[in-house]
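Under the working numbering, the first residue of the sequence shown is numbered -1, with each subsequent residue one higher.
Take a look at the structure set out below.
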Amino acid sequence: MISLARLRPVNAPAWVLGVLLTLSTTPAPAASPLLDSIKQNPQLARSLCSALRQLNSQGQSALSSEGIALVASRQGLSPMDAEIVATYVVGLYCPDVR
-1 MISLARLRPV
9 NAPAWVLGVL
19 LTLSTTPAPA
29 ASPLLDSIKQ
39 NPQLARSLCS
49 ALRQLNSQGQ
59 SALSSEGIAL
69 VASRQGLSPM
79 DAEIVATYVV
89 GLYCPDVR
């Protein structure tokens, strides 16, 4: 068992530098296939915007559980993927949606 008295405090600047160096040497991920359907079909994004605006008119947020469930069911996605798609669509195609 390690004694807490023997542990040295972490040198924060060195730790941050280490993390930054690790991130800078990590290859960037390829384009997300999850968002490709939206990128290649702006009409799909506009359709989702319309549905999310309707949710807004009912007092629901686009990123509420109802909004995420709507995107998930329309796109056949998991809730996590639907949240990513909804955030992307709102950010790029319908910033007026809340």
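Just so it is clear, CB atoms sit at the ideal spot from N, CA and C, and this is done for glycine as well.
As the structure is a computational prediction, the values presented were derived from the model and not from experiment.
Cβ shell of residue i (< 8 Å), same chain only, five flanking positions each side left out
i, result
"residue 147", "No answer is possible for residue 147: the residues shown for the chain start at -1 and end at 96."
"residue 94", "51"
"residue 70", "76, 77, 79 and 80"
Where residue i falls: helix, strand or coil (DSSP)
i, result
"residue 54", "helix"
"residue 65", "helix"
"residue 43", "helix"
"residue 74", "coil"
Through-space distance from residue j to residue i, alpha-carbon basis
i, j, result
"residue 79", "residue 52", "21 Å"
"residue 96", "residue 88", "8 Å"
Close beta carbons around residue i, own chain, < 7 Å, minus the five adjacent residues each side
i, result
"residue 68", "49 and 53"
Same chain, Cβ closer than 6 Å to residue i, five either side skipped, listed in chain order
i, result
"residue 91", "43 and 47"
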